[in-house]
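Okay, so here's the structure we're looking at.
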Amino acid sequence: MCAAARMHLDEPVIDAALVRRLISAQFPQWVGLPVTPAGPTGADNAMFRLGPELAVRLPRVEWAAGDVRREHQWLPRLAPHLPLPVPVPLALGRPAAGYPWEWSVLHWIDGINPAAAVPAAPEDLARDLAGFVNALRAVDPAGAPAGPRSVPLASRDGATRAAIAQLAGSIDTAAATALWDKALRLPEHAGPPVWMHGDLTPGNLLVATTGRLTAVLDFALMGVGDPTADLIVAWNLLPAAARPAFRAALAADDDAWARGRAWAFSIAAVSVPYYRHTDQARTSAARRVLREVLADRSV
């Protein structure tokens, strides 16, 4: 079985043979279940099916390795309060067989990823997404860890400006710089810290054939703080005509909406030069987000 295509320097080889060795050594109750890659490949984690009902998720890069414990500790506490299924971990794997980090066995959740270009029933999907975000924000944040993306936009300034420079010739860098400069002058989130998912992207969402949201995946960036980054789904998934429904359901004011747009821009801008030689699908998706953001005149 082929290994997952590498996207990061010093990424370990992760393939079905490795997963079988890890399962055999640590979870003999699941020995003999077939192991198959589950696509599409994630940027930070590799996913494999383990029989018909389970999944194995392994960090691909060191910065994602610490997120495994976060999910094991907090997803079981969050899940009962959320309106949709989320991937609650079943078992925590140890480093072994040449693999250097902890990893997870989870229940497999069936579904399809939404199409970012033209999602079915986009306004219904927008309201479903807002309902999930509102439910997550309502969970008691006491004792929870800070969200990795609950930081001020200014913390991304250097990386974002470097990315804009690298994108010269492929985007309107003057418009991009103006958008970013304006975003840095916005007031920071003034409300209380609340729960956030941190990475609401098409690859982390599942929908039914009707287009309605059925599950939310990959909580590696979850935590509490400023929840603005959860607005990124308005530009990485929803078409312009559906964004007002999402915004209204979240009661996002002009400043929050503008910060959300800037978050979507920064994540996409940094992704293009990072993945342009290793993941064409991810690079194309990021370029589409940049076009959506730069064309948006809603704030």
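Numbering follows full-length UniProt numbering, with no gaps: position 232 of the sequence shown is 232.
Just so it is clear, CB atoms sit at the ideal spot from N, CA and C, and this is done for glycine as well.
Thinking C-alpha only, which one of the options is nearest residue i?
| i | options | result |
| --- | --- | --- |
| residue 55 | 22, 104, 94 and 71 | 104 |
| residue 115 | 211, 295 and 59 | 211 |
| residue 91 | 202, 26, 173 and 267 | 26 |
| residue 83 | 142, 133 and 154 | 133 |
| residue 38 | 213, 61 and 19 | 19 |
| residue 260 | 165, 220, 279 and 187 | 187 |
| residue 265 | 16, 181, 148 and 245 | 181 |
| residue 53 | 89, 59, 147 and 196 | 89 |
| residue 239 | 270, 23, 81 and 289 | 289 |
| residue 198 | 177, 179, 227 and 45 | 227 |
In whole angstroms, what separates the C-alpha of residue i from that of residue j?
| i | j | result |
| --- | --- | --- |
| residue 4 | residue 137 | Any reading at residue 4 must be qualified, since the residue scores a pLDDT of 49, below 50, and its modelled position is unreliable; no value is offered. |
| residue 293 | residue 158 | 19 Å |
| residue 143 | residue 229 | 21 Å |
| residue 299 | residue 224 | 26 Å |
| residue 2 | residue 67 | Only weak support exists for where residue 2 lies, its pLDDT of 44 falling under 50; the coordinates are left without a value. |
| residue 280 | residue 287 | 10 Å |
| residue 296 | residue 234 | 11 Å |
| residue 130 | residue 107 | 25 Å |
| residue 128 | residue 250 | 11 Å |
| residue 16 | residue 241 | 42 Å |
Quick one, are the C-beta atoms of residue i and residue j less than 8 Å apart?
| i | j | result |
| --- | --- | --- |
| residue 232 | residue 205 | no |
| residue 163 | residue 273 | yes |
| residue 194 | residue 86 | no |
| residue 139 | residue 221 | no |
| residue 214 | residue 111 | yes |
| residue 57 | residue 11 | no |
| residue 320 | residue 69 | Here the chain has residues from 1 to 299 only, and residue 320 is not among them. |
| residue 97 | residue 21 | yes |
| residue 262 | residue 165 | no |
| residue 43 | residue 14 | no |
Opposite residue i in the DSSP bridges: which residues?
| i | result |
| --- | --- |
| residue 132 | None; residue 132 has no bridge partner. |
| residue 104 | 57 and 92 |
Comparing the CB of residue i with every heavy atom of the ligand NAP, is any distance shorter than 7 Å?
| i | result |
| --- | --- |
| residue 44 | With respect to the ligand NAP, the structure shown offers nothing to examine, as it has no ligands at all. |
Could you say if the region 179–193 and the region 147–154 meet the contact criterion of at least three C-beta pairs nearer than 8 Å?
Yes, the region 179–193 is in contact with the region 147–154.
Inter-stretch contact (C-beta, 8 Å, three-pair minimum) for the region 241–250 and the region 123–133
The region 241–250, when compared against the region 123–133, does touch it at the 8 Å Cβ threshold.
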